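Only one structure is covered here, and it is reproduced in the block below.
Residue numbers (my numbering): 4 to 1971.
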């Protein structure tokens, strides 16, 4: 038998086992995989994997199947999509540390939980709905939180499809969703509150928590709400039975003692005083007895036996004022427990009396807490929780299930609620026992009276279970009153409820028996009732017992005759009133009953019944047939009957009224009266109290109404009433007003009556005519204009539309439509406008409007009304709503054809709607609705409609106006949408409608405005279409894939369609194209920059077409006028297009448009087009290239503009600046100049900002010509001429130069400005101000402290860098006080992915071409320009000027590093022989100095620094070698210069501290480590060297001369030291003397004697004269400063010390003095830094630098630290050539140079040869104290370049911390953070490392060539001739000439000892 595959529907499964069986057609399954079953066969399924898509067969047993629910499927799919989308955003929230991260995480987890539950398929339908509600709420709130699009849903939570939803409906759903999300955001877990009518019912919730009281017997607690003013209970009692054990008797209710006091209305809430009262009734014996616990079991047994005989005795009362809670002024809380004090009853005091006593005390004493009565025992009372709840019982149970869960007691109000619900059937009688008076009879004392009440039937038999104590209590057969002891006039005031079934109520009566209760149990059992009273529940007239106080008759009982079932008393009168009516004798007797005249008993009753009436008049009407004589009276009386009674018997009353009408059909005697009664009843039902009875009335009309002829009488009466409208009688008008308010029900009665009649007869015409006449009467009523009829007309307009659905059942709809149209037209204009439009709205919503024929009649009138009101701006909201509802209806498919309706709306209202949209404020809440109306009209318009609409315009001008308006509106809508940005569906629908309309309008413009060309129409179209195309909501590339796919599937890519439409329109322009150039360039460009390839390909040719258009246009006339006639008139260029293109491209790309793909496409497409063009080829290709280059720079600028690196932004800005300068675009150039200036100002780069503004000023002339637009700037928008703007710029430039302390530059600008004032404008007042300012600048130059910037070389290697940095080298100007380490950190922070290279060697191709980022950073030294050397020989006053020029306006820089050992290919300025080259490898290993070659590199930047940037690229570099001998010469020259400067300072200023001089002298005379001059002698001044290097004889002579020249300097220094040294330095000075004597003898004996006597004195005088300007007090601020020389004394720095550092320095100095013995020769790096440095600390050069440090101080006093910084700065001169930087091995920490180490360390020397070219050293860490001090003493690091004399033009340069392969020569390499030598560890309290470079400050460098050195030496007066200088090898690159500071001394070549050279090289080898 062949198996057959059968199809299965809606079945899916989840794999519960892995199925991986191989075989044909098998589908492999993984556990959890979802599959959809398509077919089945036996034990197999055929299906497909839901997510993988593959299909096959698999066994049934491997999957768990479930039916697919479409709604469930859609929901799970939505949740899945949302989770995928949220996952990406959630990750982004984590990365950005968003506070919403946790929130979204929680919502994701909850959604996953919801999805699991839904997929489990275990939820009920209701649970699934709740789950759907919760899930959609989570999705919506999460989307809002993440800024995603709003999901629009219908009321069931399903996602709406915009294509199947009308525009209006979509808008409303968006509004609803917004509000829903807002509420859901507040509380996700609250169920949405159902919309409902206002709340007329309230419930007071009370929960009894505990009752604390000492009691021996059980207690009944009766709780009620009590009116403190009327002194009566408001509600039933709530009964709680409390056992004597202190717990509720019903243990199950222990924690559920809760009650709802229901039916409270607004009048109850506004009562003056409301109390929560608790009566406590003791149940037990007459006397309360103490419990004997020993006999408790017996007592309990006895209690059970006589429980039925228990007496109810008063116990006490508790009361709490709850007025504020009831009124809602205080919010109750179920968790808050309130304590109500309990007051026990006194002897013979009733419960009511005790309550009044409590209330009286509360009022008079404002009692707090416990009562003041002695009976109120402290701590006894009731604990309750209370809360007021809104709504009826059903609503409260829904909204507060946690409060009313389970069996909660209900205690109803003793009366009807404000709103009586039709289903609220009640038949309750509340009986109150008031009081009684009973004679003693045979008793000697007053009786203990107990009243027993029973409800009995007419036979005297008790009706069981109809009485109850109140809410929470079971029904009882009889009620027993409280017993008051020995009280024959008891006052009970007890209330309980009696609920008798309605069928037994009419014959039932209440029976009261009175019994004496004895305290003696035996006697009590024998007691019999002694009296009886009764009262019947129904009165003789058929009404129920009245709600009054009843005085009942008391009948004595004869026990012998009396039986319980005896009912003969019913024949006796029951009340005092009946007795009086009977006039009976006072001694009535009937069997055992005898009337007692002495006794009396009173009760009160309150009947709450919906079945029984107490009203006689109502009863009379209901029984009118039997009492027709009183019919008029009954009808009149009906209108006075209380509403509660009428609505209870609504159906019976209506039946009676219509029966009266029908019975008197031949007479109109009762018509008006019956009609009046009908109006009264309809009015009652319309009242809010009884509005819930409207369904009862509706049901009556539809089901029970049977008066077939009533319509005739009703129509007649209605017409009569309406026609009497002109009557001035006020009563008639009121009646007519009531008639209009009841018009709906009146006509419903008419219609129903007519329908019933029509079933029997077919008299259609007569009825139709009479109804038409009635409606025409209503129309006539509308024509009145009197004030009296205004209210009537308003009521008629309001209620007439409600009758339409009913009238249509019996009347022609077209006829009715015409009547309604007449009604609207008849009403005078301006009268009841709002109500008229509300009527129109009701008509639109009526069934009449569903008919096309009726719409054709009604719509013209309605649209005209709407249009007139919109034009008048009246009732705009109503008009918008009416149009919305009409368009909502015309979108439907079930209302017939709507073509004519749309046409009517379009022709009548569209233009007005558009104009209203234009004029309406965007903040108006109606604007969104109005726009949706406009969009709905356009959406429903077909091509036919567009044609009709366009053709209906009378003239082209009208059509043009319309097009202008609609294009303006469209452009405004897409530019600034009226809808919120997350209304994606609404915005996309709007876009699709606009695009559809634009297609039609483009055709219209081509057809109507091409021949008669209208430029504005075309222009507006282009701008509108491009604005549409470029709006953010259409940029698909910015959306998530899900959203992008959704939009493309539904709407396609609207940008492409729009672009093709624009392209088509452009090429249709023909000869008019030139009119749109250049105005349209920007718009077209903006469109083309959209990242859509096809769009770009389609639109780029437009640009070429624009170029051609302008190229071939006429240069004589506008357009192409004469070019055909005379080709010579062709313009021949496209400059306007070019200018606009460049300007717009700049703005758009900076704004985020465009990308590299556009640049490539532009080049490809435009190049191809230009190449094929004969005449425009060259110009076109040039322009294409310009745009491509500009795009490249703009894209770089845009990519970096938001980056943190301001410097990269500046660099890109300058690139653009250069480009615009190159192509001569002044306006763009100025734009970026201003941007660059702003960037500099943001970074406090005032100097660079000034240079930037100078670029702007250079574009201006000193003329009064007006400024052209290209040169204007927003920064100076009030300047009108060249001169004004240039002057303003100059003043800003001066200010910025002043702030940047570039006073020399400011003076240059001032001079130019002064020349204008003096020679051109003769503005001497300004001239005066300017000259004063110039004077202050000159003063500042000389006196003020200026930090000298350091320069750094930064090389960016690798392709990972931005294009503008790739494989380029820059020189940076550092910030103030910025060291190399700080600079490195700053640069690397900007490039977090960059790797810093640790060698200075050039990188290989592997690095240059790698995708990574490499950075090489080292310090370079500026080389002063040649022309500034004129300052070198000037007096000392030029020193401040010289310092400025050394480090400013420099374009050449240099640095040095140890030469590679085997690299002999580099040429040297000294040009060593081949033997020299070999020496580098195998030279004198015994002495490092003999083989220390340096590689020196000179860099040239593109522009001098400072400039418009703080850095410039290196344009060229040259590298050469420096020989060891030349290195030694430079070192000695620098040392001698330092020593000379110190001597000059000390001779000039006797107040300087001695420490710097001491350290310098000690460093030279007693070198600790490096061996001093000895090393130079061993290395160079020996026969072997002289023989092997004969060509170096001149250099050797120079070195000898320098060594010899050092001796006289040392002698003068020692003399100064001896004169200044205090006595405690005596031993130290003796030591120096001894060393000097030995050294002088050695040197003079070997190299001869030199003199230097008077020259220093001369210089000192000049210095002294200059020093007179400084304040003496300031000289002491450096008294404790220490100066550390660099690299063997070639350089020293002054460190400004704080007070705390002074003692440290002193101790350190004394340490040096006492420790003069040389150190061990095995000192390592740290030893060099810490111990060997001691000699340097007191070096003479440092002292000399400090001596001059005060020369440049200003007179203003500042803090000590600041003052010392200034003084440091003032002496921080540099030599004419900056010092070099050397880079040593990576494993040696870079040690700052030391002047003269105390011994020659061979081990340190050998380490020099272990050089490796690494860049960043691992230098020893400084102490935190030093770091802190360095931060506070910024000047200490200002000048950290190592300076040396530049003999032979070879200037070694130092590198800071970041470079390891530098070796110090003449001035060593101090690290970047401590340019001077480092401090020893043991003295790290004082920062001796950060000493300014004083060598440079006070000395000028010697000339590069040896000849210049010789000349400088000859200028010194008393100096013997120097030995012949060696000839400089010509291969050395030229370097700047020397810049001597002083004529006599600065130029002298100072020779450095060989020992110093040893020190410098050792230090440098260990510093890297």
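Ideal placement from N, C-alpha and C gives every residue a C-beta, glycine not left out. Small disclaimer: the values here were computed from a predicted structure and weren't measured.
Within the continuous beta strand (DSSP E) that includes residue i, where are the two ends?
{"i": "residue 431", "result": "430 to 440"}
{"i": "residue 322", "result": "314 to 324"}
{"i": "residue 563", "result": "No beta strand (DSSP E) holds residue 563; DSSP gives it neither H nor E."}
{"i": "residue 844", "result": "First-last for residue 844: 836 to 847, but that is the alpha helix (DSSP H), not the beta strand (DSSP E)."}
Quick one: what does DSSP say residue i is sitting in, helix, strand or coil?
{"i": "residue 1514", "result": "strand"}
{"i": "residue 221", "result": "strand"}
{"i": "residue 147", "result": "helix"}
{"i": "residue 23", "result": "coil"}
{"i": "residue 813", "result": "coil"}
{"i": "residue 569", "result": "coil"}
{"i": "residue 386", "result": "strand"}
{"i": "residue 356", "result": "helix"}
Opposite residue i in the DSSP bridges: which residues?
{"i": "residue 42", "result": "10, 49"}
{"i": "residue 610", "result": "432"}
{"i": "residue 68", "result": "16"}
{"i": "residue 1564", "result": "According to DSSP, which records beta bridges pairwise, residue 1564 is partnered with nothing at all."}
For the alpha helix (DSSP H) that residue i lies in, which residues bound it at each end?
{"i": "residue 1974", "result": "No statement about residue 1974 is possible, as the shown extent of the chain runs from 4 to 1971 and does not include it."}
{"i": "residue 582", "result": "579 to 585"}
{"i": "residue 1458", "result": "No alpha helix (DSSP H) contains residue 1458, which is instead part of the beta strand (DSSP E) from 1453 to 1461."}
{"i": "residue 62", "result": "Note, residue 62: premise wrong, no alpha helix (DSSP H); beta strand (DSSP E) at 58 to 62."}
Under the assumption that residue i contacts residue j (Cβ atoms under 8 angstroms), give the Cβ distance between them as a whole number of angstroms.
{"i": "residue 1503", "j": "residue 1518", "result": "6 angstroms"}
{"i": "residue 1403", "j": "residue 1421", "result": "6 angstroms"}
{"i": "residue 1261", "j": "residue 1270", "result": "Residue 1261 to residue 1270, Cβ: 15 angstroms. No contact."}
{"i": "residue 1635", "j": "residue 1620", "result": "7 angstroms"}
{"i": "residue 976", "j": "residue 934", "result": "7 angstroms"}
{"i": "residue 1289", "j": "residue 1265", "result": "7 angstroms"}
{"i": "residue 846", "j": "residue 861", "result": "7 angstroms"}
Using a beta-carbon distance below 8 angstroms, is residue i in contact with chain C?
{"i": "residue 931", "result": "Checking the listed chains, one finds no chain C in this structure; it contains a single protein chain."}
### Task
Could I get the ranges of all uninterrupted alpha helix (DSSP H) runs contained in the segment 461 to 529, with 4 residues as the minimum, in chain order?
At a cut-off of 4 residues, the continuous stretches assigned as alpha helix (DSSP H) that sit fully inside the segment 461 to 529 are 505 to 508, 524 to 529.
#### Entry: Secondary structure, alpha helix (DSSP H): runs of 4+ residues fully inside the segment 928 to 1015
Listed in chain order, the complete alpha helix (DSSP H) runs (minimum 4 residues) inside the segment 928 to 1015 are 930 to 943, 946 to 954, 959 to 978, 987 to 1011.
### Unbroken stretches of the alpha helix (DSSP H), 4 residues or longer, contained in the segment 1571 to 1643
As far as the segment 1571 to 1643 is concerned, its whole alpha helix (DSSP H) runs of at least 4 residues are 1576 to 1582, 1586 to 1591, 1596 to 1623.
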